[in-house]
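A.B. asks: Here's a structure for you.
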């Protein structure tokens, strides 16, 4: 099966799940409008969630949100609630669900510390453009501003990290607020929205009616790609001799992977995908040069460095990709496709900018370029494709085997043993995240979920649980580090209580591995406060204490057996992989260096700087 066909097959597996991404269905609208009548604000919240097609949410009750939780028990409804062990877990579960399905994730917390515990997942969702609605309780309206018990100005706290936040001031505003919040969260560039509801308004009664339309005069996502932009971009492409597509996570939010493949194949342009775009273009495709950046492939960084045209698609020139910004693609002109006008020329000047939905703008560009080529206008790009293909063939990701178990080997074995199955890969943040990104081959969108912009340790466990609940038939694997895992491992209780069969593969090296790597390379091996001890806790006993399956592997010979057992048992599982603590992530672009100035490790354990 070709990579294109395989990706189309993958798209088919998620088509049903993402059908409600952008608009309410006729069914939910009709159901919502049928729910008119007198009810409390708390019941109105539930009816509003039903209207938006929400089937599941995550949260923890507390005093200021208690009326809503009472309504969850006293009212007949279709929204499933998952009780988590920490509000941060609720937020990350909602993120994992959103990333796996394309729907808006919903999390709930009480006021004060409950609300502030959501700040990290809200910030994470903001930087990674994840559609999220966070619902928080607030102290009664007459106590707001008095420093009442568990009062916090959560709308003010999250202001820099949300698309919008609402403090409901009248119970009659609840339906409109939810309609607007979901519209804002899922439209344009997706992101988080917070709704803060005082306790007394949850208890107040009113005549409920859910609006079918949204009236937000100051908020518009109707960016039309100007024909001049498409034509100018097409002209740059046909004149370029060394073009490259630099693709970010926006391609997945737009559900435009097939359009990207069609463009790349029609124009024969190499494609590099950022950490958040992994899977949007098949890793196995002949035109793929995989991930650029600090721990990206040599061939991706070299391709970008040598290109004369950078076609940027739903990417934002993040510093972990660009390295030294003024040395990033230094000889290239830039075409920038995005749905968010704020990103255009923010970090890198765009010679041509095209605003709009990638599902529409990419085919328009493809047609314009092909029309120009039919007129006989086209530069010769054959030598460029040969160069890129040679760099890829001669510089694969690699590692050195030895007496100790290598984390890259574990990733490779998972990849092989789940090949052909409906698999979703989730990670925490650190060395294990980069090894997974390097050594997993993913050929479809929404099969890779990780924390990018915020780099949130502890993301993996809850995000994997949320992804599994959104895609219950998939095999979900969370690659985690021992440092990350210990930050949110209490959510194993949630997984066990609800029967969520995620496999948590803990790369246990006994250290905060990525920090240790920096300390070794750049701080004269001063390992300040990074030693975690690989035996504390005992992950097998810990898993068993939660009622999960606990397994361990310390050698290559043991790896396949534990993976196959975990796959077969389909229950919450923790595998303690005791890996080499000296293993580092290479190649690596040091801080402040240009993206093509990578350091690598040779077989005699020496450093070598490589570039083109």
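Numbering (my numbering), first residue to last: 548 to 1159. Note that the Cβ used here is the ideal one computed from N, Cα and C, for glycine as well.
1) For the beta strand (DSSP E) that residue 1086 lies in, which residues bound it at each end?
2) Does DSSP classify residue 1142 as helix, strand or coil?
3) Looking at the unbroken beta strand (DSSP E) that takes in residue 604, where does it start and where does it end?
4) Could you tell me which residues DSSP puts in a beta bridge with residue 885?
5) May I ask you to verify whether the region 717-731 touches the region 748-764, counting CB pairs closer than 8 Å and requiring at least 3?
6) Can you find the residues in the same chain that come closer than 6 Å, C-beta to C-beta, to residue 1098, ignoring five residues on each side of it along the sequence?
7) May I have the straight-line CA-CA distance separating residue 1120 from residue 1049, to the nearest angstrom?
8) Output the boundary residues of the beta strand (DSSP E) element that contains residue 1127.
9) State yes or no: is the beta carbon of residue 1042 nearer than 7 Å to at least one beta carbon in chain D?
10) By DSSP, does residue 835 sit in helix, in strand, or in coil?
11) For the region 681-751, list the alpha helix (DSSP H) runs that are entirely contained and at least 4 residues long, ordered along the chain.
12) Mapping DSSP to helix, strand and coil, what is residue 616?
13) Please return the same chain residues whose Cβ sits closer than 6 Å to the Cβ of residue 942, not counting the five positions on each side in sequence.
14) Pull up the CB-CB distance for residue 1141 and residue 949, whole angstroms please, since I reckon it's below 8 Å.
15) Thinking C-beta only, is residue 879 closer than 7 Å to residue 855?
16) Hey, would you say residue 684 sits closer than 7 Å to residue 612, going by beta carbons?
17) Alpha carbons only, please: which of 636, 721, 698 is nearest the one belonging to residue 594?
18) Ignore the nearest five residues each way along the sequence and tell me which others in residue 555's own chain have a CB closer than 7 Å to its CB.
19) Work out the CA separation of residue 1036 and residue 632 for me, nearest whole Å.
20) Assign residue 1020 to one of two classes, buried (16 or more other C-beta atoms within 10 Å of its C-beta) or exposed (fewer than that).
21) Apply the 10 Å Cβ neighbour rule to residue 1145 and answer buried if 16 or more other Cβ atoms are within range, or exposed otherwise.
22) With a floor of 3 residues, list each beta strand (DSSP E) that falls wholly inside the region 983-1031, ordered by position along the chain.
23) Would you give the residue range spanned by the beta strand (DSSP E) that residue 843 belongs to?
24) Can you give me the Cβ contacts of residue 1067 inside the same chain, cut-off strictly under 8 Å, excluding the 5 residues immediately before and after it?
25) Which class does residue 913 belong to by DSSP, given the choice of helix, strand or coil?
26) Spatial neighbours of residue 1077 within its chain, please: CB distance less than 6 Å, with the 5 preceding and 5 following residues excluded, ordered by chain position.
27) Return helix, strand or coil for residue 860, following the three-state DSSP convention.
28) What residue does the beta strand (DSSP E) around residue 793 start on, and which one ends it?
29) Taking residue 656 as the reference, which of 675, 604, 676, 696 has the closest Cα?
30) My parser needs the alpha helix (DSSP H) runs of 4 or more residues fully inside the region 928-958; what are they?
31) As an exercise, report each continuous alpha helix (DSSP H) stretch of at least 4 residues that is fully enclosed by the region 619-689, in chain order.
32) When we look at the beta-carbon of residue 717 and count the other beta-carbons within 10 Å, is it buried (16 or more) or exposed?
33) If you drop the 5 nearest sequence neighbours on each side, which residues of the same chain put their C-beta closer than 7 Å to that of residue 953?
34) With residue 971 as the anchor, note down where its beta strand (DSSP E) starts and where it stops.
35) Measuring CB to CB, does residue 994 end up less than 7 Å from residue 971?
36) Just verifying my parser: in three-state terms, what is the DSSP assignment at residue 1120?
C.D. replies: If we stick to the structure as given:
1) For residue 1086, there is no enclosing beta strand (DSSP E); the enclosing alpha helix (DSSP H) covers residues 1086-1092.
2) coil
3) 603-606
4) 902
5) yes
6) 1109, 1122
7) 6 Å
8) Where residue 1127 is concerned, there is no enclosing beta strand (DSSP E), given that its DSSP letter is neither H nor E.
9) Among the protein chains of the structure shown there is no chain D, as only one such chain exists.
10) strand
11) 701-704, 721-733, 746-750
12) helix
13) Excluding positions up to five away in sequence, the list reads 845, 846.
14) Going by Cβ atoms, the distance from residue 1141 to residue 949 rounds to 32 Å, so no, they are not a contact pair.
15) yes
16) yes
17) 721
18) With a pLDDT of only 45 at residue 555, under 50, the local geometry of the prediction cannot be trusted, and the value read off the model is given with reservation. The answer, listed in chain order, is 805.
19) Distance between the alpha carbons of residue 632 and residue 1036: 10 Å.
20) exposed
21) buried
22) Qualifying beta strand (DSSP E) stretches, in chain order: 1022-1028.
23) Per DSSP, residue 843 is not a residue of any beta strand (DSSP E), being assigned neither H nor E.
24) Counting only Cβ-Cβ distances below 8 Å, and skipping sequence neighbours, we find 1074, 1131.
25) helix
26) 1058, 1059, 1062, 1063
27) strand
28) 790-794 is the extent of the beta strand (DSSP E) around residue 793.
29) 604
30) 929-941
31) Qualifying alpha helix (DSSP H) stretches, in chain order: 634-648, 660-663, 666-674.
32) exposed
33) 946, 1126, 1127, 1130
34) 970-974 is the span of the beta strand (DSSP E), which, as asked, contains residue 971.
35) yes
36) strand
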